[in-house]
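Undergrad: Protein chains in written order, with our numbering: chain U, 337 to 515; chain Z, -8 to 379.
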């Protein structure tokens, strides 16, 4: 069972929606009929401070509740976090990394997807909240959750007006990412 | 294989949904981290008219539980929720609730106690209230939190005893995971309308919480103790009734034995020699480790009433057990350890009992931590350690 369980670690800054990203991912996986879990690294949250959130997806019920130390996937919401040692802590050679970044910046030896979600978020939301766009990239790059699942999760969790904008963000990021 | 869509929700919201479905008449709640998402959601439901209960915004937890006393004494169904310092502030009133035999239901979202200030999870808060005459049920996951919340209302009104449903803060309360809801009709069928045997009523006056002179007080106390011990059967019956109605149950209701029977790679017919005794959500992580390490798990679901005989039976024939708990009775030991040890004392050739204090102040309990604990249990020597 443990083998098929996918573990995802999300790094971001307070205010970028990393915790929401983890829960949206869990809801989307549930929509796809999978078992899932999404939770934050509980802390005293401050805007701009590094935050972590976690998600697990599996075909079998998930019972483990510890934090994630050896992720299969890492999402980085803010490129300035890439220099932090905790970003690569416990990653495996096969760990896939998704970064909100323009081309360049820190090079990882791992398979990496870069997407400039900040520009898109500023265009559509007027704010640097990139969680939903990065989920779009993640969905396309990994195929672990469906686009439909994420859109439905957004519909359920966000007020309507905000949901529409975020769904557009996800869809565009999804379209613009190579699988 | 086509998989069915799963209802992934935050566990706090699932608990709020269960409370709503049980149709309390009064909810008096003071918000405190990490219970806040339950109180927020119930406030929202009350404001939106989804729940008909009167939501009383009180100025403290002591007022919250006191308001519940008034409501329940009037013959209404009352609910509250709290954590940590909030529960500590309720302390003196908790005895009054049980002493007056008021079946109030409370969710405790477990959090450590100050000082130093910690908002994170452990179970020192509810463990330190275990002598107050309340039933205490500890849940492992979101589904059990939802189910037990519903069971709690029925257990309370069948026993005339107050019930705390204890769930780990953050580790459980703030996790999104699949929780299957029951239809409203099923909840109504399982939790019949509350019909108090006696209630405050000007037309039919009664006295509650009167002066208990020595001759009478001891009888009240003995009755309360007898009622709590007798409630074991109610908890078990409600658990098995829930299982037969909805297909979900939790051990015998008091304890849950997990992989205690031989499974591969052990030979068929052989039984476990070692077991890990757990309480609360850490059991989930332990499931992934202990069974593979060749240990069984005994999860304590009901701390009060304490499943003394059930534990004796489950531990009979074992060489060693280790109690893993998020609690410390300062100056003594982990309380669950002390109680397990006392329960097993009368067993002939009882197991060695070790103590592992873990997850205090929200410290993450990793699979490696549990593996290490299992190795020490299997070594068969008594140890008392903090996992840190």
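Ideal placement from N, C-alpha and C gives every residue a C-beta, glycine not left out.
#1: Is residue 303/Z closer than 9 Å to residue 338/Z when the C-beta atoms are compared?
#2: Closer than 7 Å by beta-carbon distance: list the chain A residues that pair up with residue 275/Z, in chain order.
#3: Rounded to whole angstroms, what's the CA-CA distance from residue 111/Z to residue 138/Z? Just pull it up for me.
#4: For residue 363/U, go through chain Z and note every residue whose CB falls closer than 7 Å to its CB, in chain order.
#5: What residues in the segment 436 to 453 of chain U bring their beta carbon closer than 7 Å to a beta carbon of chain Z?
#6: Compute the distance between the beta-carbons of residue 389/U and residue 345/U, then report whether it is under 9 Å.
#7: Can you name the start and end residues of the beta strand (DSSP E) that residue 46/Z belongs to?
#8: Please state if the CB of residue 169/Z and the CB of residue 402/U are separated by a distance shorter than 9 Å.
#9: Could you have a look at residue 367/Z and say whether DSSP puts it in helix, strand or coil?
#10: Are three or more beta carbon pairs between the segment 142 to 150 of chain Z and the segment 219 to 233 of chain Z nearer than 8 Å?
#11: Decide if residue 204/Z is buried, meaning its Cβ has at least 16 other Cβ atoms within 10 Å, or exposed.
#12: When you compare each of 342/Z, 17/Z, 5/Z and 174/Z to residue 265/Z by their alpha carbons, which one comes out closest?
#13: Would you check whether the ligand HEM has a heavy atom nearer than 8 Å to the C-beta of residue 55/Z?
#14: Starting from residue 265/Z, follow the beta strand (DSSP E) in both directions and report where the run begins and ends.
#15: In chain Z, which residues lie less than 8 Å from residue 366/U when you measure between Cβ atoms?
#16: By the DSSP assignment, the alpha helix (DSSP H) with residue 60/Z in it spans what residues?
#17: At what residues does the beta strand (DSSP E) containing residue 312/Z begin and finish?
#18: Between the Cα of residue 356/U and the Cα atoms of 370/U, 469/U, 458/U and 408/U, which residue gives the shortest distance?
#19: Taking all protein chains shown into account, do 16 or more other C-beta atoms lie within 10 angstroms of the C-beta of residue 165/Z, making it buried, or fewer, making it exposed?
#20: Under three-state DSSP, which class holds residue 373/Z?
#21: By the 7 Å beta-carbon criterion, what residues does the segment 345 to 363 of chain Z contribute toward chain U?
#22: Would residue 337/Z count as contacting chain U if we go by Cβ distances under 9 Å?
#23: Less than 7 Å between C-beta atoms, sequence neighbours within five positions excluded: which residues of the same chain meet that for residue 457/U?
#24: Does the pairing of the segment 68 to 82 of chain Z with the segment 14 to 23 of chain Z give three or more beta-carbon distances under 8 Å?
#25: Within 9 Å (strictly less), CB to CB, does residue 338/U reach chain Z?
#26: Tell me the residue span of the beta strand (DSSP E) that contains residue 386/U.
#27: Taking contact to mean 3 or more Cβ pairs, one atom from each stretch, closer than 8 Å, check whether the segment 266 to 286 of chain Z and the segment 310 to 330 of chain Z are in contact.
TA: Straight from the coordinates:
#1: yes
#2: Going by chain labels, chain A is absent from the structure shown, which instead holds the protein chains U and Z.
#3: 24 Å
#4: -1 and 167
#5: none
#6: yes
#7: 45 to 48
#8: no
#9: helix
#10: yes
#11: exposed
#12: 342/Z
#13: Absence of the ligand HEM is noted for the structure shown, with no ligands found whatsoever.
#14: 265 to 269
#15: -4, -3, -2, -1 and 169
#16: 52 to 64
#17: 311 to 316
#18: 469/U
#19: buried
#20: coil
#21: 353, 355, 356, 357 and 358
#22: no
#23: 463, 464, 465, 466, 469 and 505
#24: yes
#25: Caution is warranted here: a pLDDT of 41 is assigned to residue 338/U, below 50, making its placement in the model unreliable, and the coordinate value is therefore given only provisionally. Chain Z contact via Cβ: present.
#26: 386 to 394
#27: yes
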